[in-house]
Amino acid sequence: MSETVIIKCPGCGTKNRVPADRLDQGPRCGKCKTPLAGTASGPIKFSDANFDSMVNSSRVALVDCWAPWCGPCRMIGPVIEDLARQFGNRALIGKLNVDENPVTAQKYQIRSIPTLLFFKDGRLADTLVGAVPPQQIRQKLETLL
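Going by numbering that gives the first Met the number 0, 40 is the number at position 41 of the sequence shown; the sequence numbering is gapless.
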């Protein structure tokens, strides 16, 4: 059975259960039919439990590996939120708190944060480390699409 993600509708506030493997198919709210746009309401929250199924469910995924105490991570945060709204129908964009999810952080050898992981077809395609300029992140994402 596929993992599911709960997405709050930006229109009516209803919580919608969406299968992870259908996030890139433009889901709509079950109540008001407003497009949920996969990540239109902001970045998806990744965890050790859902990471692999989420990354494998989308053609292109961007994961921001961060921690709440990290200053550069807080600088990148708004950029990731903007990208999630802009690319919500075409890519899965989310955040992974490395303090709460050490298994995934160790698997991808996250030694410095923020680290941005770019996946294409379920495979790690590229990595950016540090607070890089927003246009560099956007360009990398557009290249993978």
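Beta carbons: idealized from backbone N, C-alpha and C, even for Gly.
What you are looking at is a predicted structure, and each value in this text was computed from that prediction instead of being measured.
For the beta strand (DSSP E) assignment, the uninterrupted runs of no fewer than 3 residues enclosed by the region 91-121 are, from N- to C-terminal side, 91-96 and 114-119.
The beta carbon of T103 is closer than 7 Å to those of D47, F50 and L95 in its chain, skipping five residues each way along the sequence.
Listed in chain order, the alpha helix (DSSP H) elements of length 4 or more contained wholly in the region 6-79 are 50-56.
In the DSSP assignment, L143 falls within the unbroken alpha helix (DSSP H) covering P133 to L143. With respect to the 7 Å criterion, I92 and P42 are classified as neighbours on the basis of their beta carbons.
Collapsing the DSSP output to three states places A124 in a strand. At the C-beta level, P113 and W68 stay beyond 7 Å of one another. One alpha carbon belongs to F45, the other to T33, and they sit about 24 Å apart. The alpha carbon of S111 has as its nearest neighbour, out of D63, K30, F118 and A83, the alpha carbon of D63. Separation of Q105 and L123 (C-alpha to C-alpha, rounded to the nearest whole angstrom) is 14 Å.
One alpha carbon belongs to V128, the other to I109, and they sit about 9 Å apart.
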